[in-house]
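Working notes for the structure below.
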Amino acid sequence: MEKKNGNKKRYEKLDGIRGIALLNMIAYHMVWDLVYIYHVNWDWYKSRGAYIWQQGICWTFILLSGFCWSLGRHALKRGITVFLGGAAITLATLAVMPLNRVVFGVLTLTGSCMLLMCLLDRWLRKLPASVGLAVSAVFFLLTRNVNEGFLGFEKWKLYRLPAGLYRNIVTAFLGFPQEGFYSTDYFSLIPWMFLFTAGYYLFRLSDGKKAMAFLENGILRPAEWLGKHSFGIYMVHQPVIYAVLELLFWLL
């Protein structure tokens, strides 16, 4: 990941973290295909352990995207590219596999967050980094369950939100899905934007410190290569997985 200024410093370990998360995501999606498309009976995949695995992948991607937002150049262009990538996945799944459609998936979320940060950066940077990180974390924890109609985190449901918030596709994008809304990969602006801003403030807290120097030199080249090409790999990984599984099942 490059720094915004002209010295083009790259933080190889950030690429490595992203690459490892990408490998985990590919493995998770392969198992998802086996269970839900090929109907392989694997009860563990519906267990708490599998849920924690899935959440760990998502949290890493979103937090890291927020952390790296200040490092990259051409933030507006990157945000548009990622958002359009998410739109392309939505259109493709609606056309080819509507029962497994992706509406407001992780690329739509991260692209939206990148674009919003282009507008909000000048105001968010006025807040001390430690305060911004704490506020982002608290808001994320408080709003984690808004998709299910509550304020709260996971099993802790603190307050039932008004049903009138959950109206249509626009409110679903914000975090309040209407009745009947369905997506196999759903990441609404609330609560996940707060995790993105937590990453943003975590970078501001780390910038200029020894932690950033530590992130410069890579230690796991294959993972770092994957991290550098994560967007392109993400765009093609599901068709490739599906083709590989089709071939395997045909052979077996």
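Residues in the sequence shown are numbered consecutively from 759, following this note's numbering.
Idealized CB from N, CA, C, for every residue including glycine.
Quick caveat, the model's predicted, so the values are computed rather than measured.
Query                                                                                                                                                                 : Result
Is any beta-carbon of chain D found at less than 9 Å from that of threonine 851?                                                                                      : The displayed structure is made up of one protein chain only, and chain D is not part of it.
Short check: CB of glycine 869 to CB of glycine 843, under 9 Å?                                                                                                       : yes
Consult DSSP for arginine 836 and reduce its assignment to one of helix, strand or coil.                                                                              : helix
Hey, could you find the ends of the alpha helix (DSSP H) arginine 918 is sitting in?                                                                                  : Arginine 918 -> not in any alpha helix (DSSP H); beta strand (DSSP E) instead, spanning 914-918.
Mapping the DSSP letters down to three states, classify asparagine 765 as helix, strand or coil.                                                                      : Low confidence applies here, because asparagine 765 scores a pLDDT of 46, under 50, leaving its location unreliable; read the following figure in that light. In this structure, asparagine 765 counts as coil in the three-state DSSP scheme.
What are the boundary residues of the beta strand (DSSP E) that includes leucine 909?                                                                                 : 908-911
Straight-line CA distance for asparagine 905 to aspartate 943?                                                                                                        : 13 Å
By alpha-carbon positions, which one of Gln936, Leu919, Pro920 ends up nearest to asparagine 926?                                                                     : Gln936
For the putative contact between isoleucine 948 and glycine 933, defined by C-beta atoms under 8 Å, what is the C-beta separation to the nearest angstrom?            : 3 Å
Applying the criterion that 16 or more other CB atoms from any shown protein chain within 10 Å of the CB defines a buried residue, is leucine 1006 buried or exposed? : exposed
Classify valine 854: buried if its beta carbon has 16 or more other beta carbons within 10 angstroms, exposed otherwise.                                              : exposed
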